[in-house]
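Residue numbers (the UniProt record's numbering), protein chains in the order written: chain P, 1 to 199; chain V, 1 to 199.
Worksheet: the structure to be examined is printed underneath.
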DNA sequence: CGCGTTGTTGATTGACGGGTCAATTAATGC
DNA sequence: GCATTAATTGACCCGTCAATCAACAACGCG
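As structure tokens, this is what we get:
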């Protein structure tokens with residue numbers, strides 16, 4: 001059983017790389033299998049069809065992201081540091097290389113027509129939203145839900161921009177922008193006395 | 001010559017609809033042509049190949065958007081109203097139906113590998129950015145460029161979310177969120193005395 | 001009207017690739 | 001070691017489709 005697990009992982013990793021290389025899902029299963037060091041038939045054997053292989057790939061990417069966030073949160077103390085950790089994890093280098101960008105973009109495209117992709121996307125949204133909300137609440141009170149949504153959308157929008165910007169390598173400015181927006185949001189709360197607790 | 005122009009338009013409109021129906025570029029040129037009421041050969045005759053047809057379609061979409069923004073700006077008085085107009089135009093109903101969502105998502109995907117698509121995307125970014133910047137400057141002074149970037153990314157991120165949300169029909173809450181973020185940004189500027197002019 | 005030019009058609013073609021499956025290899029149990 | 005089962009291979013099939021092009025239609029001009 002160990003071998004199958006490893007082979008599945010290899011196929012998923014190969015999928016990300018191949019999709020990254022082509023930018024689209026217009027990649028043959030044969031190519032993916034070759035890169036993974038197995039035969040095309042095995043890919044079908046394990047995953048059933050091409051879309052299922054891609055969805056498994058996205059599940060893996062989302063799992064990795066969730067783990068990154070969890071790890072980052074483990075060492076963060078307090079709401080502000082935790083928000084910072086989420087922001088950092090959201091712009092981790094891994095999201096910008098090795099095919100991750102292409103996988104995400106094609107995931108969005110697929111989410112229009114595949115129930116499963118849409119479900120996974122909704123899951124990602126909910127998780128990010130509730131992570132942000134959890135730590136915004138002590139800082140922003142009643143405004144927290146709306147701020148959480150704005151920050152989440154800003155993360156997505158900046159990811160999109162930086163991921164697609166030609167030559168862009170460093171995502172730290174994106175993270176800085178989210179932090180700046182967070183600071184602005186919280187400052188505005190403080191100014192209006194909206195904050196439930198002292199900043 | 002009138003007929004050719006009209007046919008090109010028909011093909012472009014058909015492209016949007018067909019892509020909208022399938023969610024991807026996995027639509028045959030035959031299907032597009034049929035919907036446009038012409039033969040497949042004519043589509044190739046006019047546009048050269050499938051990708052070129054899609055790029056022409058995106059140019060058309062971007063042109064429509066730019067026109068919408070211009071129209072909205074024509075009747076707006078003052079920086080704040082103009083920013084409002086840009087936000088409204090960015091979440092106009094037309095961006096959410098008839099295949100526009102699919103076109104945008106596939107455009108992002110294509111921008112990874114097609115120079116022309118990347119160029120068009122950069123153009124969109126620049127235009128939106130400079131539109132926002134122009135009207136933020138009087139309100140936010142030195143902070144304007146950073147705020148413009150954040151608002152632009154927020155617009156993109158919210159568009160993505162609302163466009164992909166199942167059952168979402170009304171984008172007004174998205175526009176409201178951008179307005180709220182703008183208000184927060186400007187309030188924070190005022191609080192810190194960053195504003196170049198009185199609010 | 002005839003002729004040359006331009007525009008349009010849609011059948012056709014060759015390349016492509018998702019998925020199948022018979023054959024082979026590997027693993028397991030006795 | 002042998003028989004059986006499971007895993008894996010990769011050639012193959014056949015449906016798909018971007019693009020071509022010969023034929024036809026439409027148009028403009030003398």
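By construction, the Cβ of each residue, glycine as well, lies at the ideal position given by its N, Cα and C atoms.
Keep in mind that this is a model prediction, so the values were computed, not measured.
What ranges does the alpha helix (DSSP H) occupy inside the stretch 141-194 of chain P, keeping only unbroken runs of at least 4 residues that lie completely in it?
144-164 and 172-192
Drop a sphere of 10 angstroms on the beta-carbon of residue 177 of chain V, count the other beta-carbons inside from all chains shown, and report buried for 16 or more, exposed for fewer.
Start at 1 with the first residue of the second chain, and residue 177 of chain V comes out as number 177. A residue is called buried once 16 or more other Cβ atoms fall within 10 Å of its Cβ, and residue 177 of chain V is buried on that count.
Given this structure, state the Cα-to-Cα distance separating residue 151 of chain P from residue 33 of chain V, to the nearest angstrom.
Here residue 151 of chain P corresponds to residue number 151 of the first chain, with the count starting at 1. Here residue 33 of chain V corresponds to residue number 33 of the second chain, with the count starting at 1. Straight-line Cα distance between these residues: approximately 42 Å.
Might you give, ordered along the chain, the residues of its own chain that have their beta carbon closer than 8 Å to the beta carbon of residue 7 of chain V, omitting 5 neighbours on each side?
Walking along the second chain from the start, residue 7 of chain V turns up at place 7. Excluding sequence neighbours, residue 7 of chain V sits near 36, 38, 42 and 46.
Per-residue burial, residue 112 of chain V [other beta carbons within 10 Å of its own, 16 or more giving buried]
Numbered from 1 along the second chain, position 112 holds the residue referred to as residue 112 of chain V. When all chains shown are included, residue 112 of chain V counts as buried.
My output table needs one value for residue 26 of chain P: the three-state DSSP class, helix, strand or coil.
The residue given as residue 26 of chain P occupies position 26 in the first chain. Coil at residue 26 of chain P, not helix or strand.
Which same chain residues end up closer than 8 Å to residue 114 of chain P when comparing Cβ atoms and leaving out the 5 residues on each side of it in sequence?
Position 114 of the first chain holds residue 114 of chain P. Same-chain partners within the cutoff: 51 and 55.
Hey, does residue 191 of chain V have any beta-carbon neighbour from chain P nearer than 7 Å?
Your numbering for residue 191 of chain V matches position 191 in the second chain. So, interface residue.
Going by other Cβ atoms of all chains shown within 10 Å of its Cβ, with 16 needed for buried, is residue 123 of chain V buried or exposed?
Reading the second chain from its first residue, position 123 is the one you call residue 123 of chain V. So residue 123 of chain V counts as exposed.
Beta-carbon proximity of residue 68 of chain P to residue 100 of chain P, cut-off 7 Å
Here residue 68 of chain P refers to the residue found at position 68 when the first chain is read from its first residue. Here residue 100 of chain P refers to the residue found at position 100 when the first chain is read from its first residue. Cβ atoms of residue 68 of chain P and residue 100 of chain P: not closer than 7 Å.
Who are the Cβ neighbours of residue 196 of chain V in its own chain at under 6 Å, not counting the five residues just before and after it?
Taking the second chain and counting its residues from 1, one reaches residue 196 of chain V at position 196. In this predicted model, residue 196 of chain V has a pLDDT of only 46, less than 50, meaning its place in the structure is not dependable; the value taken from the coordinates is given anyway. Result list for residue 196 of chain V: 141, in chain order.
What do you get for residue 63 of chain P, buried or exposed, if any count of 16 or more other CB atoms within 10 angstroms of its CB means buried?
Counting from one through the first chain, the residue named residue 63 of chain P turns up at place 63. Residue 63 of chain P comes out exposed.
May I ask you to verify whether the stretch 125-145 of chain V touches the stretch 80-97 of chain V, counting CB pairs closer than 8 Å and requiring at least 3?
yes
List, in order along the chain, the chain P residues whose C-beta lies closer than 8 Å to that of residue 4 of chain V?
The residue given as residue 4 of chain V occupies position 4 in the second chain. By Cβ distance, chain P contributes nothing, its closest Cβ being about 31 Å from residue 4 of chain V, past 8 Å.
My output table needs one value for residue 76 of chain P: the three-state DSSP class, helix, strand or coil.
As a working note, residue 76 of chain P is residue 76 in the first chain. DSSP places residue 76 of chain P in coil when its eight states are reduced to three.
Applying the 10 Å Cβ sphere with the 16-neighbour rule, what's the burial state of residue 11 of chain P?
On the first chain, position 11 is the one that residue 11 of chain P refers to. Burial call: buried.
Determine, using beta carbons only, whether residue 156 of chain P comes closer than 7 Å to chain V.
What you label residue 156 of chain P is simply residue 156 of the first chain in a count that begins at 1. So yes, residue 156 of chain P belongs to the interface.
Which chain V residues are close to residue 113 of chain P, counting only those with a beta carbon under 8 Å from its beta carbon?
Numbered from 1 along the first chain, position 113 holds the residue referred to as residue 113 of chain P. 22, 23 and 24, listed in chain order.
For residue 129 of chain V, the three-state DSSP class (helix, strand or coil)
The residue labelled residue 129 of chain V in the question sits at position 129 within the second chain. Helix.
What does a CB cutoff of less than 7 Å around residue 154 of chain P pick up in its chain, not counting 5 residues either side in sequence?
Your numbering for residue 154 of chain P matches position 154 in the first chain. Same-chain partners within the cutoff: 178 and 181.
As a quick exercise: from V:143, V:70, V:93 and V:188, pick the residue whose alpha carbon is nearest that of residue 82 of chain V.
Numbered from its first residue, the second chain carries residue 82 of chain V at position 82. Just measuring C-alpha positions, the residue of V:143, V:70, V:93 and V:188 sitting nearest residue 82 of chain V is V:70.
For chain P, find out if any of its Cβ atoms is closer than 7 Å to the Cβ of residue 181 of chain V; answer yes or no.
Within the second chain, numbered from 1, the residue matching residue 181 of chain V stands at position 181. So yes, residue 181 of chain V belongs to the interface.
Residue 28 of chain P: buried (16+ other C-beta within 10 angstroms of its C-beta) or exposed?
The count along the first chain starts at 1 and reaches residue 28 of chain P at position 28. Classification for residue 28 of chain P: exposed.
CB residue 133 of chain V to CB residue 148 of chain V, shorter than 7 Å?
What you label residue 133 of chain V is simply residue 133 of the second chain in a count that begins at 1. What you label residue 148 of chain V is simply residue 148 of the second chain in a count that begins at 1. Result yes, Cβ atoms of residue 133 of chain V and residue 148 of chain V sit closer than 7 Å.
To which residues of the same chain is residue 194 of chain V closer than 7 Å at the C-beta, ignoring the five residues directly before and after it?
For the purposes of this step, residue 194 of chain V is taken as residue 194 along the second chain, with counting starting at 1. With a pLDDT of 48 at residue 194 of chain V, under the threshold of 50, the predicted position of this residue should be treated as unreliable, though the coordinate-derived value follows. Answer for residue 194 of chain V: 140, 141, 142 and 143, listed in chain order.
Might you give, ordered along the chain, the residues of its own chain that have their beta carbon closer than 8 Å to the beta carbon of residue 104 of chain P, omitting 5 neighbours on each side?
If you number the first chain from 1, residue 104 of chain P lands on position 104. 61, 95, 159 and 163.
Could you compute how far the alpha carbon of residue 120 of chain V sits from the alpha carbon of residue 59 of chain V?
Here the question's residue 120 of chain V lines up with position 120 in the second chain. Here the question's residue 59 of chain V lines up with position 59 in the second chain. Cα to Cα, the separation comes out at about 7 Å.
Evaluate residue 5 of chain V with the Cβ neighbour count: other Cβ atoms within 10 Å of its Cβ, from every protein chain shown; 16 or more gives buried, anything less gives exposed.
Mapped onto the second chain, residue 5 of chain V falls at position 5. Label assigned to residue 5 of chain V: exposed.
Note down the Cα distance separating residue 118 of chain P from residue 165 of chain V, rounded to an integer number of angstroms.
Here residue 118 of chain P refers to the residue found at position 118 of the first chain. Here residue 165 of chain V refers to the residue found at position 165 of the second chain. Each residue's alpha carbon lies about 8 Å from the other.
Proximity winner among V:23, V:21 and V:44, relative to residue 30 of chain V (alpha-carbon distances):
For this step, residue 30 of chain V is matched to residue 30 along the second chain. The residue with the shortest Cα to Cα distance from residue 30 of chain V is V:44.
Grab me the residues of residue 135 of chain V's own chain with a C-beta within less than 7 Å of its C-beta, minus the 5 sequence neighbours each way, in chain order.
Here the question's residue 135 of chain V lines up with position 135 in the second chain. Within its own chain, the residues whose Cβ lies closer than 7 Å to the Cβ of residue 135 of chain V, once the five positions on either side in sequence are excluded, are 79, 82 and 83, listed in chain order.
Could you compute how far the alpha carbon of residue 211 of chain V sits from the alpha carbon of residue 21 of chain V?
Limits of chain V in this structure are 1 at one end and 199 at the other, which puts residue 211 of chain V out of reach.
If the cut-off is 8 Å on Cβ atoms, which residues from the stretch 123-138 of chain P count as contacting chain V, listed in chain order?
Residues of the stretch 123-138 of chain P whose Cβ lies closer than 8 Å to any Cβ of chain V, in chain order: 125.
For residue 109 of chain V, report the span of its alpha helix (DSSP H) as first-last.
Within the second chain, the letter at position 109 stands for residue 109 of chain V. Counting along the chain, the alpha helix (DSSP H) containing residue 109 of chain V begins and ends at 100-111.
Close-in-space but distant-in-sequence residues of the same chain around residue 175 of chain P (CB under 7 Å, 5 per side omitted):
Taking the first residue of the first chain as 1, we reach residue 175 of chain P at position 175. Around residue 175 of chain P: 87, 88 and 91.
Taking Cβ positions only, does residue 103 of chain P come closer than 7 Å to chain V?
Against the first chain, residue 103 of chain P aligns to sequence position 103. False, the Cβ-Cβ gap to chain V never drops below 7 Å.
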